[in-house]
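Worksheet for the structure shown next.
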Amino acid sequence: MSAKMDAESYLRSGSNELRVLEYRTTGMSFGINILKVSKIVSDLNHFTDVPGTHTAVKGVFRDMNRLVPVVDLAEFLGVAGEKTKRQKVIVTEFFGTQTGFWVEQIDWIHHFRWEDVIDAESVFQGIDHRYVIGIVKPTEERMVLLLDYETILMDLCPHLQRDDLERGGVDVDFTGKKILVAEDSPAVRAMLVNELTENGGEVVQAGDGQVAWDQFQKQEFHLVICDVEMPQMDGLNVVLRIRQSERSDTPVIVYSSIGDIGMKARANFLKADAHITKLNMDKLLSSADTLLRGEKLEADTEAIAESEETEEVQLVSVE
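Start counting the sequence shown at 1; every next residue gets the next number (the numbering used here).
Put into structure tokens, the structure is as follows:
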């Protein structure tokens with residue numbers, strides 16, 4: 001990216017754009033952010049069964065040098081029928097690992113703005129919608145459900161839950177520190193809030209980027225922890241606004257399930273203090289502790305080089 005490009009131009013180049021891959025399973029339309037998609041595999045003919053896994057995990061297959069688990073999404077969601085056809089595997093990357101979701105068909109890639117995303121909580125309110133995080137409307141008549149893939153994976157893999165993660169003995173104390181947590185996934189947000197409050201922090205929660213920015217303008221925070229992909233306003237726009245505000249020196253950690261160098265470069269370009277991949281909780285806690293003590297984190301030299309030298313970051317390749 002050209003060093004001359006300002007942050008607002010950088011954001012206008014696409015960071016606040018949401019591209020949704022629409023797919024179908026059992027006749028229902030679902031969507032996934034294209035940035036989370038590594039590739040699409042057609043006609044998967046062979047995979048290896050793995051005993052003892054969740055019933056929706058149908059096995060693993062080899063993709064290049066990786067073994068990728070395959071999840072029957074319709075079965076996991078409880079909507080599978082006898083005539084359900086599984087013809088495509090959407091290979092995704094969350095938490096630094098790849099997972100394949102078995103679906104019926106791929107429909108289209110739609111372009112939206114993050115403010116176009118309807119928060120599922122505002123629609124369902126008291127109704128249980130654990131795995132639906134948002135809704136987009138390609139047309140006035142059609143709706144596509146955006147699933148909370150992070151929560152799906154945490155339910156499929158209990159070891160991802162914080163209580164079961166191996167800890168490296170991080171000793172932190174956030175007493176007297178007010179921390180803003182902006183995260184749209186309820187499961188991930190709850191994990192963050194629990195960890196921060198257990199270590200003495202006072203936490204203010206925001207389920208989307210607009211709410212996070214509103215809260216930031218109303219109160220002073222010692223630290224902001226911000227997801228990237230959120231309804232109403234994406235996290236990179238939140239970072240930009242913070243850096244352009246009167247409290248531009250507030251430490252900001254970008255906490256995202258997208259761990260590639262392109263996203264790290266974007267966070268670095270917008271002057272976030274750190275980019276940490278979910279669910280690396282120990283690194284998050286230690287980084288937060290360092291920043292709250294007024295110290296600087298070690299620079300990510302790879303991300304710095306990418307943000308300075310690359311004109312356009314290639315974020316995803318869909319085959």
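Idealized CB from N, CA, C, for every residue including glycine.
If we call anything under 8 angstroms between Cβ atoms a contact, is residue i one with residue j?
i: I242; j: F216; result: yes
i: G59; j: V41; result: no
i: Y149; j: K36; result: yes
i: V132; j: S29; result: no
i: D208; j: D184; result: yes
i: G134; j: L153; result: no
i: S257; j: F95; result: yes
i: K105; j: D43; result: Residue identity check: residue 105 is Gln in the sequence provided, not Lys. No, these two residues do not count as a Cβ contact at 8 angstroms.
i: L270; j: I276; result: no
i: M191; j: E115; result: no
Tell me which residues share the same chain as residue i and place their Cβ nearer than 6 angstroms to its Cβ, disregarding the 5 neighbours each side in the sequence.
i: V203; result: I179, V181, V193, L196, T197
i: V79; result: T26
i: F112; result: L18, V136
i: I32; result: L21
i: S85; result: The residue asked about is misnamed: residue 85 is Lys in this sequence, not Ser. These residues qualify, in order along the chain: E104.
Give the single residue among the options whose Cα lies nearest to the Cα of residue i.
i: F61; options: F30, T25, W102; result: W102
i: G235; options: K218, A272, D249, R247; result: A272
i: K333; options: V68, M143, D148; result: The structure shown has nothing for residue 333, since the chain only spans 1 to 319.
i: T92; options: R86, D116, D63; result: D63
i: P138; options: F95, I118, A212; result: I118
i: T99; options: G81, H110, V123, R66; result: R66
i: M281; options: Q244, T53, R142, V172; result: V172
i: R266; options: K283, S248, E295, V228; result: V228
i: R293; options: L223, E246, K264, N268; result: L223
i: P158; options: K85, N16, G52; result: G52
i: I90; options: H54, I34, N237; result: I34
i: E220; options: D249, N199, C226; result: D249
i: I225; options: Y255, R247, E246; result: Y255
i: P186; options: E295, R247, T97, T151; result: T151
i: N16; options: Q210, N199, R247; result: Q210
Using C-beta distances below 8 angstroms, list every residue in its chain close to residue i, excluding the 5 sequence neighbours before and after it, in chain order.
i: G201; result: F174, T175, K177, K178, I179
i: A56; result: V71, D72, L73, E75, F76, L156
i: D107; result: E22, Y23, R24, S29
i: R189; result: V181, E183, Q205, G207
i: F47; result: K58, G59, V60, F61, V70
i: L297; result: D273, A274, S287, T290, L291
i: S245; result: F216, Q217
My guess is that residue i and residue j are in contact by the Cβ rule of under 8 angstroms, so how many angstroms apart are they, rounded?
i: L291; j: P231; result: Not a contact, Cβ separation roughly 27 angstroms.
i: A212; j: V238; result: 5 angstroms
i: H110; j: A120; result: Contact flag wrong, Cβ pair sits at about 17 angstroms.
What does a CB cutoff of less than 7 angstroms around residue i pick up in its chain, not counting 5 residues either side in sequence?
i: D49; result: G59
i: D163; result: Confidence is the limiting factor: at D163 the pLDDT is only 48, short of 50, which leaves the residue's position unreliable, though a coordinate-based value still follows. Here the set comprises nothing.
i: V170; result: D282, L285, S286
i: V123; result: I135
i: H54; result: L156
i: N45; result: none
>> Runs of 3 residues minimum, wholly inside the stretch 211-265: which ones carry the beta strand (DSSP E) assignment?
In response: 223-226, 252-256
>> Ignoring anything shorter than 3 residues, give me the beta strand (DSSP E) runs that lie fully in the stretch 96-134, in order along the chain.
In response: 97-103, 105-113
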